[in-house]
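The sequence shown begins at 28 in our numbering and counts up one residue at a time. The block underneath contains the structure these notes are about, expressed in structure tokens.
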Amino acid sequence: MDRLKEPDRSEALLLLGESLQEQGRLAESVPYLESVSASASVAVRSRSNVLRLYGRSFGDADSRDDTDGALELLLSEARNAAETNTRLRALWMAARLCRGRGDLEMVHQIEARIRSEDFGAMSIEDKGEHALGIAYCQYLAGEKRLGRMTIQSIMDELKANGIVNSVYLSLLSGLGVMKGDLGDYEGETRVLEEGLQIARQIGDELRYQQICGNLAYIHGKLGNIQEQIRWASVATSFTGPETSVFTHHQIHLQKARAYALQGCEAESLCALADGRLTGQKRIPSYLEQAWHLGAADVYVILGRSSDALREARSAVASDANVLESDKFAGPYARWSARVAVNDGTGVQETLARLATLRDRERLLDRIDQFEVLNAKVWLDSRTGVVSEEERTEMWRRLAALPAGAVNEFRKLGMLDID
28 MDRLKEPDRS EALLLLGESL QEQGRLAESV PYLESVSASA SVAVRSRSNV
78 LRLYGRSFGD ADSRDDTDGA LELLLSEARN AAETNTRLRA LWMAARLCRG
128 RGDLEMVHQI EARIRSEDFG AMSIEDKGEH ALGIAYCQYL AGEKRLGRMT
178 IQSIMDELKA NGIVNSVYLS LLSGLGVMKG DLGDYEGETR VLEEGLQIAR
228 QIGDELRYQQ ICGNLAYIHG KLGNIQEQIR WASVATSFTG PETSVFTHHQ
278 IHLQKARAYA LQGCEAESLC ALADGRLTGQ KRIPSYLEQA WHLGAADVYV
328 ILGRSSDALR EARSAVASDA NVLESDKFAG PYARWSARVA VNDGTGVQET
378 LARLATLRDR ERLLDRIDQF EVLNAKVWLD SRTGVVSEEE RTEMWRRLAA
428 LPAGAVNEFR KLGMLDID
């Protein structure tokens, strides 16, 4: 590399960084992309900037200092990039950063910019990135069926042309999430298992780990506790410097939850202890909140109510009373209600929070939608009068959930409605 002169050196650095990202080695790609010279061509500089932001924002999401800043930079690169593929990648990355923010106006703006690209002139690879961006926006806007159709419309064409790369894997992962959100949990499992094969095929260990974690989650909801433990254990075996705090926390919480449901207290507490070990990585506040909510669930299943309430207060009381990401809306609703009842304060404020979440429920997945309504009915049963309409709707939604999820809510004490 040192023997190369500009512009060849910068082009080689860009290719190396992009190749590492295709293998899921995102953090490892960043130094090469940062070494691209300011004298390189506009196209090379723009592409390296976008990929560098991707590596920083997603390769080690737990050290992301300023999501808003990254979003602005991506949108700026999308405006200025000369190449269609670079613009599309910047836009779908920007859409992904919007997840959990609840900023629908920004999501719609990004979707409009993606749709303004000349689809007919795109290569098949670019059409894949175009579909990924549109599907992200549709998902974030609560249009999950449209998002599923958008992904399915391009995947067969990509595969027929022999294009099975990181973008294809992102499309496949997105399809799995949307199937689960729409209640097709068995379908999500099949899609995730295909995703494992592709992640292994392209050498993306980070995505392989993430998919294992997702499989642990979905098997838990289906009531397959041994499979939940198995997949969580596979996921933890890949833990390394590339693993984000989000992934690290979630796979250990899945393991702790599964053991708790089996009554294995020592193993459950051990998994929680391992999950707390994040080394020197900075933990942003929204992941701190998510951890406390997940740990509270584990403790209450174990029958350790005081520990559960301690964790929950860290997530929903005082300075932490605002939900920082819609990804955790259900547990946030549940513990807001339980803390209010236990402490005998803040009931009206909690009802207002739950009303706000119910207004946004189409943006949530099916389980979170149930959890928010369940928290409202549970709180009313302790502090006021339960609406018969809401009670009936709650039981109707519960009946549509898989057996494992229903059992979890029973163990959490959330189905004890007077």
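Note that CB positions come from ideal geometry on N, CA and C, so glycine has one too.
How is the alpha helix (DSSP H) around K438 delimited, first residue to last?
What you label residue 438 is simply residue 411 of the sequence shown in a count that begins at 1. First-last of the alpha helix (DSSP H) with K438: A430 to K438.
If contact is defined by three or more beta carbon pairs under 8 Å, each pair taking one atom from either stretch, is the region 416–424 in contact with the region 234–244?
no
Which residues mark the beginning and the end of the alpha helix (DSSP H) in which I229 is found?
Within the sequence shown, numbered from 1, the residue matching residue 229 stands at position 202. Note, I229: alpha helix (DSSP H), Y212 to I229.
Cutoff 8 Å; reference W362; Cβ partners in own chain excluding five residues on either side:
Walking along the sequence shown from the start, residue 362 turns up at place 335. L320, A323, A339, A342 and V343, listed in sequence order.
Which residue marks the beginning of the alpha helix (DSSP H) containing L390, and which one marks its end?
Indexing the sequence shown from 1 puts residue 390 at position 363. Run containing L390: none; DSSP gives neither H nor E here.
Using a Cβ distance threshold of 8 Å, determine whether the region 67–86 contacts the region 101–116, with at least three qualifying pairs required.
yes
Beta-carbon gap between I278 and G240 smaller than 7 Å:
The residue you call residue 278 lines up with position 251 of the sequence shown. The residue you call residue 240 lines up with position 213 of the sequence shown. It is a contact, given that the beta carbons lie within the stated cut-off.
Beta-carbon within less than 7 Å of S90's beta-carbon, same chain only, minus the 5 sequence neighbours each way: which residues are those?
Along the sequence shown, one-based indexing puts residue 90 at 63. Because the pLDDT at S90 is just 38, under 50, the model does not fix this residue reliably, and the value given afterwards should be weighed accordingly. The answer, listed in chain order, is K308 and R309.
On the premise that A364 lies in contact with L406, defined as a C-beta separation below 8 Å, what is that separation, rounded to the nearest angstrom?
Here the question's residue 406 lines up with position 379 in the sequence shown. Here the question's residue 364 lines up with position 337 in the sequence shown. Correct: roughly 4 Å between the Cβ atoms.
Given this structure, state the Cα-to-Cα distance separating D395 from D145, to the nearest angstrom.
Taking the sequence shown and counting its residues from 1, the one referred to as residue 395 is at position 368. Taking the sequence shown and counting its residues from 1, the one referred to as residue 145 is at position 118. Those two C-alpha atoms are separated by around 37 Å.
Given this structure, state the Cα-to-Cα distance separating L249 from A317, to the nearest angstrom.
Against the sequence shown, residue 249 aligns to sequence position 222. Against the sequence shown, residue 317 aligns to sequence position 290. Their Cα atoms are separated by approximately 22 Å.
Restricting to Cα atoms, I'd like to know which of V399, E33, T216 and E152 is closest to A382.
For this step, residue 382 is matched to residue 355 along the sequence shown. Taking only the C-alpha atoms, the option nearest A382 is V399.
Measure the beta-carbon distance from S193 to I229 and round it to whole angstroms, keeping in mind my assumption that it falls under 8 Å.
Counted from its first residue, the sequence shown places residue 193 at position 166. Counted from its first residue, the sequence shown places residue 229 at position 202. That belief holds up - the Cβ atoms of S193 and I229 are roughly 7 Å apart, short of 8 Å.
Which ranges does the alpha helix (DSSP H) cover as unbroken runs of at least 4 residues, wholly within the region 262–341, from first to last along the chain?
272–288, 292–303 and 312–328
Going straight from the alpha carbon of A70 to that of A108, what length do you get?
Locating residue 70 in the sequence shown gives position 43, counting from the first residue. Locating residue 108 in the sequence shown gives position 81, counting from the first residue. Each residue's alpha carbon lies about 7 Å from the other.
Going by other Cβ atoms of all chains shown within 10 Å of its Cβ, with 16 needed for buried, is T372 buried or exposed?
Mapped onto the sequence shown, residue 372 falls at position 345. The residue is exposed, with fewer than 16 neighbouring Cβ atoms inside 10 Å.
Give the straight-line distance between the Cα atoms of K438 and S56, rounded to the nearest whole angstrom.
As a first step, residue 438 is located in the sequence shown; it is residue number 411 there, counting from the start. As a first step, residue 56 is located in the sequence shown; it is residue number 29 there, counting from the start. Roughly 44 Å separates the two Cα atoms.
Around the C-beta of M176, are 16 or more other C-beta atoms found within 10 angstroms, so that it is buried, or is it exposed?
As a first step, residue 176 must be located in the sequence shown, where it is residue number 149. Label assigned to M176: exposed.
Would you tell me roughly how many angstroms separate the C-alpha atoms of H276 and A283, rounded to the nearest one?
Translated into the one-based positions of the sequence shown, residue 276 becomes position 249. Translated into the one-based positions of the sequence shown, residue 283 becomes position 256. Using only the alpha carbons, I get a separation of about 10 Å.
Around the C-beta of S174, are 16 or more other C-beta atoms found within 10 angstroms, so that it is buried, or is it exposed?
Within the sequence shown, residue 174 is the residue found at index 147, counting from 1. It should be pointed out that residue 174 corresponds to Gly in this sequence rather than to Ser. Buried, by the Cβ-count rule.
Sequence-distant residues of the same chain with beta carbon closer than 7 Å to L442, five excluded per side:
The count along the sequence shown starts at 1 and reaches residue 442 at position 415. Excluding sequence neighbours, L442 sits near F436.
Local Cβ density within 10 Å of A148, reported as buried at 16 or more and exposed below that
Locating residue 148 in the sequence shown gives position 121, where the first residue counts as 1. With fewer than 16 Cβ atoms within 10 Å of its Cβ, A148 is classed as exposed.
Taking C-beta to C-beta, are G51 and E213 nearer than 7 Å?
Here residue 51 refers to the residue found at position 24 when the sequence shown is read from its first residue. Here residue 213 refers to the residue found at position 186 when the sequence shown is read from its first residue. No, Cβ-Cβ distance for G51 and E213 is not below 7 Å.
Less than 7 Å between C-beta atoms, sequence neighbours within five positions excluded: which residues of the same chain meet that for L384?
By 1-based counting over the sequence shown, the position of residue 384 is 357. Counting only Cβ-Cβ distances below 7 Å, and skipping sequence neighbours, we find A356, A360 and V399.
Excluding the five sequence neighbours on either side, which residues of its own chain have a C-beta within less than 7 Å of the C-beta of V433, listed in chain order?
By 1-based counting over the sequence shown, the position of residue 433 is 406. Excluding positions up to five away in sequence, the list reads L425.
Near R234, which residues of its chain fall below 7 Å by C-beta distance, leaving aside the five closest residues on each side in sequence?
Here residue 234 corresponds to residue number 207 of the sequence shown, with the count starting at 1. Once the five neighbours on either side are set aside, the close Cβ partners of R234 are G51, L196 and A226.
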